Ligand SMILES: C[S@@+](CC[C@H](N)C(=O)[O-])C[C@H]1O[C@@H](n2cnc3c(N)ncnc32)[C@H](O)[C@@H]1O
């Protein structure tokens with residue numbers, strides 16, 4: 254496990270993932286019923302961008318740095334939350350901030366040091382449980398949730414060449430256990446072929462009601478670069494796609510280069 258998210262926190266991929274995560278949670282919370290948020294690859298939860306690893310790579314300057322400077326009203330919910338939370342919030346911090354008293358967050362992290370930091374960051378946080386464990390194994394352990402409503406965020410590091418295949422296999426197994434869950438799966442776009450293969454595996458596996466929300470900073474031509482990223486959503490909640498479109502478009506304008514694109518593609522029907 255070489256990947257440490259602290260080097261990448263606040264980069265353009267985090268902006269896409271976190272701005273969409275807020276819209277997903279908001280859409281699900283239109284219903285009063287309790288829900289479980291399961292964050293399978295949680296990281297440490299809070300990141301100091303002004304020193305340490307994040308400052309070393311400076312990736313955040315091309316991400317949240319630009320987003321905060323742009324003051325785009327379409328991103329106000331995201332930027333307000335970032336400012337309120339102080340240190341740059343990772344996915345578990347964003348989810349925890351939006352939990353209602355009836356909701357729960359289970360955050361899993363496998364790296365022992367990062368899991369310990371995550372635990373410290375959420376000590377005494379109401380409704381939050383931190384587990385040092387494999388996120389894919391957690392899908393089997395925690396699904397289906399007793400609440401019968403769940404948002405499952407899957408955000409692997411993609412450091413191994415077989416990561417898309419591992420992801421698809423575990424996603425299909427989780428879907429078989431909990432078909433009505435809302436799954437949000439982050440994926441990198443270096444070039445199109447692996448992403449297409451991932452979508453096809455889900456199509457062939459019979460997963461219904463899937464959309465792909467994507468931001469391409471530049472055309473996906475050079476496979477050595479992270480040209481864009483997406484969040485695949487299974488069972489998108491009512492109102493999410495409408496809310497996500499202006500968010501993606503604003504991010505494209507702020508973060509895109511010539512040839513950039515953003516949008517939502519339907520992968521399988523309801
Ligand atoms: C992209 S980062 C997560 C960032 C976080 N979701 C956020 O948005 O703030 C991926 C994380 O997964 C952790 N990780 C890697 N393999 C894992 C596994 N099998 N189960 C759980 N966590 C894992 C890494 O240590 C890393 O912290």
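In this note's numbering, the protein residues as written are 254 to 523. Glycine residues also receive a C-beta, built at the ideal position from the N, C-alpha and C atoms. Please read these numbers as outputs of a predicted model, since none were measured by experiment.
- Message: Assuming residue 519 is part of the beta strand (DSSP E), what are its boundary residues?
- Response: 514–521
- Message: Quick check: does the Cβ of residue 504 come within less than 6 Å of any heavy atom belonging to ligand 1?
- Response: no
- Message: Across the segment 428–444 and the segment 312–330, are there enough close Cβ pairs to call them in contact, namely three or more that are closer than 8 Å?
- Response: no
- Message: Tell me the DSSP secondary structure of residue 292 in three-state form.
- Response: strand
- Return the first residue and the last residue of the beta strand (DSSP E) that residue 382 is part of. 381–384
- Message: Rounded to whole angstroms, what is the Cα-Cα separation between residue 387 and residue 451?
- Response: 21 Å
- Query: Rounded to whole angstroms, how far is the Cβ of residue 349 from the Cβ of residue 381, which I believe are closer than 8 Å?
  - Reply: 5 Å
- Message: Assuming contact is defined by CB atoms lying nearer than 7 Å, are residue 431 and residue 396 in contact in what I supplied?
- Response: yes
- Task: Verify the contact flag: residue 362, CB atom, against every heavy atom of ligand 1, threshold strictly below 6 Å.
- Result: yes
- Message: For residue 482 and residue 468, what's the separation of their Cα atoms in angstroms?
- Response: 6 Å
- For the candidate residues 304, 281 and 352, whose alpha-carbon lies nearest to that of residue 488? 281
- Residue from 288, 274, 284 and 406 with nearest C-alpha to residue 295: 406
- Message: Alpha carbons only, please: which of 470, 299, 408 and 429 is nearest the one belonging to residue 503?
- Response: 470
- Query: What do you reckon, is the C-beta of residue 410 under 6 Å from a heavy atom of ligand 1?
  - Reply: yes
- Item | Rounded C-alpha distance that separates residue 496 from residue 276 | 7 Å
- Task: Please specify which runs of the alpha helix (DSSP H), each continuous and at least 4 residues long, are wholly inside the segment 325–383, giving them in chain order.
- Result: 329–338, 344–351 and 365–374
- Message: Nearest by alpha-carbon distance to residue 448: which of 460, 364, 459 and 418 is it?
- Response: 418
- Whole-angstrom distance between residue 323 and residue 423, CA atom to CA atom: 38 Å
- Query: Hey, would you say the C-beta of residue 387 is under 6 Å away from at least one heavy atom of ligand 1?
  - Reply: yes
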